[in-house]
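Residue numbering for the sequence shown follows my numbering, starting at 16 and increasing by one per position.
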Amino acid sequence: MSNRKNRVCPVERAGSLDTRIRKWMQNPRKLLGNYLKEGMTVLDVGCGPGFFSVDMTGMVGKTGRVIAVDLQEGMLRKVRDKIQGTELEERLTLHLCEEDRIGVSEPVDFVLMFYVVHEVPDQENLFREIGSILKPEGQIFIVEPPFHVSKKGFEHMIRIATNTGLTVVKRPKIFLNRAVVLGRA
Ligand SMILES: C[S@@+](CC[C@H](N)C(=O)[O-])C[C@H]1O[C@@H](n2cnc3c(N)ncnc32)[C@H](O)[C@@H]1O
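Structural data, given as structure tokens:
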């Protein structure tokens, strides 16, 4: 297996992202409640098994929608299994992307990248692509695990983002994690 493969969270580990303890510690409604509103279009980049995507679809209501994007079909399948036959199916779109291209052109109000950016090889390209579809008042919420991303590494990642025309809006405190909210400069 190549180093590149090792960097991407494998589908076999999806269960560890979907636990009851995580729901308690990183409850999507509590974490994102101040950012999401009815009617928003949300992009969940590197959605994994949909820990956030499913709740976010509920939070944006009947007039909003979520586009859940992942590199691995196996992750998207897990999200599909959760929503199949529910009313969320109509408002949660699954999108298989490429390593260096999300491929969504629709303008979005909110982008979540939770434990994802450190897995993306070309971060500058990622931020440019997201910046190009972010609405003027849109926000990008990024969370990274200190186990994989040092303080210095996190600041470097923010510099890459700001060099593409994004700006730091806020630095939310999330227990045992590194977080930043970016907007358009
Ligand atoms: C650690 S998981 C986090 C999943 C989810 N965001 C969560 O917090 O539960 C990282 C996810 O990002 C995806 N990923 C990695 N590189 C990616 C890329 N270049 N584009 C899109 N998704 C990617 C992986 O397939 C994996 O599902």
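The beta carbon of each residue, even a glycine, is placed where N, CA and C say it ideally should be.
Length of the line joining the Cα atoms of Phe169 and Asp96: On the sequence shown, position 154 is the one that residue 169 refers to. On the sequence shown, position 81 is the one that residue 96 refers to. Cα to Cα, the separation comes out at about 33 Å.
Meets three-Cβ-pair contact criterion under 8 Å: the region 59-75 and the region 127-134: Contact holds between the region 59-75 and the region 127-134, because three or more Cβ pairs, one in each stretch, are under 8 Å apart.
From Lys93, Lys166 and Ile117, residue whose alpha carbon lies closest to that of Asp33: In the sequence shown, the residue the question calls residue 33 occupies position 18. For the set Lys93, Lys166 and Ile117, the Cα lying nearest the Cα of Asp33 is the one of Lys93.
heavy atom of ligand 3 below 8 Å from Asp124 C-beta: For ligand 3, the structure offers nothing, since it holds only ligand 1.
Between the CA atoms of Leu103 and Glu27 - distance to the nearest angstrom: Residue mapping note: residue 27 aligns to position 12 of the sequence shown, counting from 1. Residue mapping note: residue 103 aligns to position 88 of the sequence shown, counting from 1. Straight-line spacing of the CA atoms in Glu27 and Leu103 works out to 25 Å.
Whole-angstrom distance between Leu141 and Ile117, CA atom to CA atom: Here the question's residue 117 lines up with position 102 in the sequence shown. Here the question's residue 141 lines up with position 126 in the sequence shown. Distance between Ile117 and Leu141, taken at the CA atoms: about 8 Å.
Cα-Cα separation between Asn178 and Arg22, rounded to whole angstroms: For the purposes of this step, residue 178 is identified with residue 163 of the sequence shown, where counting begins at 1. For the purposes of this step, residue 22 is identified with residue 7 of the sequence shown, where counting begins at 1. Cα to Cα, Asn178 sits roughly 24 Å from Arg22.
Residue(s) in a DSSP beta bridge with Ala83: Here residue 83 corresponds to residue number 68 of the sequence shown, with the count starting at 1. The partner list for Ala83 (beta bridge, DSSP) reads Asp59 and Leu109.
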